[in-house]
Structure formats: structure tokens, C-alpha cells
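Here's the structure, in C-alpha cells; my notes come after.
Number of protein chains: 2
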Amino acid sequence: MVTSRDVARVAGVSQATVSRVLSASALVTDETRLRVVAAMEKVGYTPNRSARAMRTGRTGTFGVVVSDLANPFYPQLLEALSRALDARDVRMTVWISDEGRNQAALDAIAERAIDGVIFTTVGEESTELRAAIERESPFVLVNRTLPMLSCDQVSSANDVGSAMATRHLLEQGCTRLAYLEGAASSTTATERLRGFQSALAEADLKPVSVTGGSYSYESGRERALELFNVENPPDGLVCGNDIVAFGALDAARERGLDVPRDVKVIGYDDVAMASWPAFSLSTIRQDADLLAGFAVDALMRRVATPHVAPHRTIVQPALVRRGSTS
Amino acid sequence: MVTSRDVARVAGVSQATVSRVLSASALVTDETRLRVVAAMEKVGYTPNRSARAMRTGRTGTFGVVVSDLANPFYPQLLEALSRALDARDVRMTVWISDEGRNQAALDAIAERAIDGVIFTTVGEESTELRAAIERESPFVLVNRTLPMLSCDQVSSANDVGSAMATRHLLEQGCTRLAYLEGAASSTTATERLRGFQSALAEADLKPVSVTGGSYSYESGRERALELFNVENPPDGLVCGNDIVAFGALDAARERGLDVPRDVKVIGYDDVAMASWPAFSLSTIRQDADLLAGFAVDALMRRVATPHVAPHRTIVQPALVRRGSTS
DNA sequence: CTGAAAGCGCTTACAG
DNA sequence: CTGAAAGCGCTTACAG
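This is the structure:
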């Protein structure tokens, strides 16, 4: 193991000076700096992160809590976060937390093994969130938020997006709209539902049906199958997300309904699969890179200055028209 | 910050004894241990990971290199790895490495910020792999392997699986088989191609076509569209993985071909979407939990005993029959 | 079985 | 601008 002491010996300076070069301190002449840098290269030196972390109390690592990687939106968001963190020279520890309880995450927060936590999904009852609050670990919520909690939050304007989706179906001639909500416990689901309802109210219409379920293919498929069973089935389905919409499309296919002639379907997220001909799903695009960038910036700011007022960032979504609605 | 010194004061023992309790040393009487544990609870103590890491040279963290989260098999494998690592109380740092160059990964390996690296995908030219070898960081290859490299490797029996898939199509009456290979640079692709060829040779048949491309939906779709353009199109497509097969299925649909009547299609991986009615894709199942468990065990063994001979583990795949072949 | 002490590899006041 | 020194919070020989 090559240490800063070895570098110091080779460069003919003190270990403290090597350390100053490392931290880009202004207290070093260019000439010394050059000598030290040359010595570093010569001996193949790399600073030891653990030692630095112990001294500074900063690990240079953020934790990212995700769940439900089966929904392709999350891998997409994870990739975006990875890029954003890389660009800022921060490491990423990932915790996949089903049901909001991941022991590794709780330990890491308690042991201060991370400088901050990015939650891509939370419920009020998330144990990781409680741990972060209790241990006073900086954190930020991205994608799913908690309106009642005073903390940094970054999200898409879910109500606006969902209203856009709803108006689009109305413009395409739908009159009997049903809403297939996602996981009722998430803010994304309630906000999107609200957008649907307000757009419908604007048009002086009432929903044919609003059902709760989960953000899954099976949930979308089963609910759509039931909807198609009634006397006067809906002619437009607004779905909580793309995965639910894929289930609804398959349900329509199973019932022999033509999409978009008999029934129009729209999703939310614009995952890669939405553009596949098998689905050709109209949807609302969320910009994962934008969400990720804002989230990382917010958390870095919070780590640097813990006591500034919490900040909310809202990203505007966009309508993507495809074959499932026209 | 509560330290082991605080615990020692409260428990009326030395700091060394607290440390011994932490590391579950046998050199402590039960009575002392109880007093110390009580003191820990009382003062709300959690050991500092960075300090321990500096002292022991172990960080308790493995790095995981993934790429292409757009292929749902990788999120699935990542979840399995997360579970396996959690169960063994090891943290997971994830690097998403397109084109095999991720600066954060290179830094972490050089700085010994991780105890070992799990590669879920590699090429010979992977810079992360080179860094791990050069820095003598323990590592293991899972899923994709490098036959010529002497190191721990865990993979599915890709040739066996692909031969199974091929024989299944032959049993279903196909006589004109085409192979849609994945990324030619990966061992999974070459092994699967070999399985296809040997199963075909067994039956004294020749392939109608073998094309290289990438492991993507678009690549599968485009190649299938071309195949369907020729005079005597194939009646069975063996695909490098499920994503390629989804593209092929959509191509068949676009050409107005009935699956499985006109053409049968089989994939590889058994990602969740394969069972959706939209695809109902026959495929070869890989057990991600098994692969992940073996990989983590192999790496832990390697970390504990660096100089034992490298070990290869091969997991047997299984045929999953669905609508796309019968 | 327990304690006093050294030391892991850094950063950062404190002198000069 | 540079160096000597203290110390971050642990682990682990070394005595006893």
C-alpha cells in the first residue's frame, strides 16, 4: 500500500504538503505542487478513501433507495442518477427496498457510511426515511414526494401531466373515461388522479370508473378486463403509469377490442417499451435526467449547508402521441 | 457523535473492551459483555464504518458493475444481488458502465473503497476489469464470462439452454430455423449460438440464417423484418435473448404473420414481460437468485482466501413453454 | 479476561 | 508557503 508518506519521501516534502496538494489547497507553490504530483505518479499513489472519510466525516457516497425495479421507469431513473452522481464525483450505494425496510440501508444511515440519501420512492411508513430523519442524515425525495414533510423534494408535475393525458383523450373524441390508479399510497398516484378529475370537471364530465390497485401489469390487466365486462364500457382509459397501461392494452386485445378504435389508452412515464409497435402507447414523458440532476444538486446543497430552507422543484411533463390514442 | 469511548465510560470498562464486544471476541466475560451492550443502547451507539475500514482495510462493500439496465434481465439480476449481499451483511455500490468505462468505478477500485467487484457484464476491453486485475482487487464474473481468464466465474449453461430452445422448435415441427444472435462480443452470445448450431447438427439440419446484432429490441425487429422478406422465410426463430425475441414478435405482427402458426419464436432469460399475453414468449429461464448467490459466495471466499484456485460455477437453465411456440 | 498503547492514513489548526 | 504534531474512531498485539 502506497501512502502519502511515501510520496512525501520521494518528493522531499512533508506528508502535510502532500495532503495539501491532494485537497488542492492554495497554500502550495506551483513548483512544490509539480514535484509532489510527479512523485505521486512515480510511486503510483491513490489516496485512501476510508482514512479521508474518518478525518473529514464525509464519505463522498450517497445512498439511493429504490424499489420495484420491475417497472422500467426505475432502472431509467437509476441510470440517470448514476450519471448525475458520476459527473459530480460522488459514489452511489443502492438499496433495493421492498416494503420500505432494508437493513443495509438502516445500518448505513446509522453508521454515517453515506453523506446523504436519495429516496426515489417513499411512503410515510418508510423505515429508511424515519432513520434518515432521526439520525439527521441529509436526504431528498425524488419522483414520489410527501407534501406534508418539510424537506427537499423533486418531482414531476403529476397533476398537470395527468390532466394533459385526460384532455388528449377528450380531444380524440372519448366521452366515457375510466381511471386506473396506481398504488393509492403514493403521491404520484393521488396527484395523477387529481389531474384526471380536474380535467374531466373542466369538460363537465364524470368518470365512468376510478379503481385503485398497484403499479403493475397484472393490476392494469385485471381491472381493464372487469371494465370491459360491463354494459357500457369506457371508450378511454387513463392509466396510473405505463406498466398499468400495458396490462390494459393486453386486456383490450384479449376481449377482441380494437385500440384505438373501440378504446383509447394512455399511460404515464414514457418507458422505452411504450414506443414498441406491440404497444405504441401514448403517454406522458417524464425527464429522468432532469429529475436526477435536480435531486443530486439539492442533496449536495443540503449536505454543504444543512440549515437552508427546504426547496421543492417541479419538472413539467410532456404529451407523447402514439397509436394507442389515434 | 457517540463513540466507543463514551460507551466505555458509561460501562466502566476500557475502550478496548468495547471494541472486543463489537467484534464478538471470545475474550470477554458474559457479565462484561452485558454491561457494555446495555451502555451501547443507553447512549445510542453505532460503530463508525470509516474508522473500522481504515483499521482493518476492509470496507464491507462490494462494487457491482452493470450496463444496459434497459434489458430487464439486469435489473432482475441486480435485485437478486442486492438480496444476496444484504443477507451476508455486505453493502453494494453500483456502477452503471456503458462501454466499460466508469470513472467512479475506476477510482473506487484504485482507492480500495470496496473489498471486491462483481461484474455482471464484461468485455476483454473493460477498463474496470483491467483496473481490478492491475490493482489486485478480488473480483468475480457473473452472467457474462471470459473463458480465457483465470478467475472465479458464475454463469448459466448458455449452450445447453440454447440447444434446448432449438430442439423445442424442432419438436414443434420447425424445419427452417434462423438464429438472431446478440452482441457478438459477449460470451453469452457465442455460447448460445454454439448451442443452436450443435442442436441443429444433431438433427442433420442447416440454419436458414445466422445474423449478428445487439441485444436490443430494435436489432431483433429489424433483422426479423429482413428475414421475412426473402422467398422462403424461416418458420422458427431462436433469439439471443428475450428483448431480441420481442422485436422479432413485433416484426412478425407487422408482416401479418401468425405466431406460432406461421413462425415460432423463442427467447432467452425469461424476463417478467415474457409471460405477458402481448408476447407469451417461450424462453429459457435463468435463475437470477442462484447466479447472484453463487457469485457473492465466490467473491466472499476470494476475499477471505485470495490464493485458492479459481472456481467456475455453471447453473442449468430450464425451458419455459408459452404461446409463441405452441 | 482486561487495560494501556500504538497505529491505520489522512486533514488541519498551530507555529514559524 | 511549509513542517511538526495532534487527532479522527476504531482494532489488535503486548503485558499483566
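From first to last, the protein sequence lines stand for chains A and B. The working numbering applies: residue 15 is where the first sequence begins, and numbers increase by one. The working numbering applies: residue 15 is where the second sequence begins, and numbers increase by one. Heads up, the beta-carbon is just placed ideally off N, CA and C, and yes, glycines get one too.
- Contact between the region 308 to 315 of chain B and the region 129 to 144 of chain B is established, with three or more Cβ pairs separated by less than 8 Å.
- Taking the Cβ atoms as the reference, residue 35 of chain B lies roughly 5 Å from residue 47 of chain B, within the contact range of under 8 Å.
- The C-beta distance from residue 129 of chain B to residue 73 of chain B rounds to 6 Å, short enough to fall under 8 Å.
- As the crow flies, the alpha-carbon of residue 261 of chain A is around 10 Å from that of residue 267 of chain A.
- With contacts defined by Cβ atoms closer than 8 Å, residue 234 of chain B and residue 195 of chain B do not form a contacting pair.
- At a cut-off of 4 residues, the continuous stretches assigned as alpha helix (DSSP H) that sit fully inside the region 187 to 252 of chain B are 201 to 216, 231 to 241.
- Less than 8 Å divides the Cβ of residue 231 of chain A from the Cβ of residue 290 of chain B.
- Beyond the five residues adjoining it in sequence on each side, residue 238 of chain A comes within less than 6 Å, by CB distance, of 262, 265 in the same chain, given in chain order.
- Under the criterion of beta carbons closer than 8 Å, residue 115 of chain B and residue 141 of chain B qualify as touching, at roughly 5 Å.
- Under the three-state reduction of DSSP, residue 147 of chain A is assigned to helix.
- Against chain A, the CB of residue 301 of chain B has no partner CB under 8 Å away; the residue lies outside that interface.
- Sequence-distant Cβ neighbours of residue 242 of chain B in its own chain, meaning closer than 6 Å and more than five residues away, are 269.
- Inclusion of residue 303 of chain B and residue 281 of chain B in the CB contact set at 8 Å is not warranted, their separation being larger than that value.
- Neighbours of residue 62 of chain A in chain B, taken as residues whose beta carbon is under 8 Å from its own, are 68, 125, 126 in chain order.
- At a cut-off of 8 Å between C-beta atoms, residue 331 of chain A does not count as an interface residue with respect to chain B.
- Annotated as proximal: residue 249 of chain A and residue 190 of chain A, with beta-carbon spacing under 8 Å.
- Boundaries of the beta strand (DSSP E) around residue 75 of chain B: 75 to 80.
- In the assembly as shown, residue 339 of chain A is a buried residue. Its beta-carbon has 16 or more other beta-carbons within 10 Å.
- Assigned with DSSP and collapsed to three states, residue 16 of chain A falls in coil, not helix or strand.
- Among the residues facing chain B, residue 308 of chain A is not included, as its CB has no counterpart in that chain under 8 Å away.
- DSSP links residue 283 of chain A through a beta bridge to A/299.
- Around residue 326 of chain B, the same chain offers 167 as residues with beta carbons nearer than 7 Å, after the five sequence neighbours per side are excluded.
- Here the C-alpha atom of residue 77 of chain A lies approximately 18 Å from the C-alpha atom of residue 121 of chain B.
- Boundaries of the alpha helix (DSSP H) around residue 87 of chain B: 87 to 101.
- Under the three-state reduction of DSSP output, residue 43 of chain A falls in the coil class, being neither helix nor strand.
- In the three-state DSSP reduction, residue 293 of chain B falls in the coil class, being neither helix nor strand.
- Relative to residue 217 of chain B, the option among B/246, B/98, B/27, B/178 whose CA is nearest is B/178.
- 260, 261, 263, 264, 265, 267, 268: these are the residues of the region 242 to 272 of chain A whose beta carbon lies less than 9 Å from some beta carbon of chain B, given in chain order.
- Between the region 47 to 59 of chain B and the region 17 to 32 of chain B there are three or more inter-stretch CB-CB distances shorter than 8 Å, so the stretches are counted as touching.
- Measuring C-alpha to C-alpha distances from residue 288 of chain A to each of A/87, A/158, A/315, A/229 identifies A/87 as the nearest.
- Looking only at B/276, B/94, B/320, the smallest Cα-Cα distance to residue 246 of chain B is reached by B/276.
- In the structure shown, the three-state DSSP call for residue 273 of chain B is coil.
- Pairwise C-beta distances place the region 313 to 330 of chain B in contact with the region 155 to 170 of chain B, as three or more of them are shorter than 8 Å.
- Contact annotation: in the region 129 to 159 of chain B, no residue has its CB less than 8 Å from a CB in chain A.
- For residue 332 of chain B, the enclosing beta strand (DSSP E) has its first and last residue at 332 to 334.
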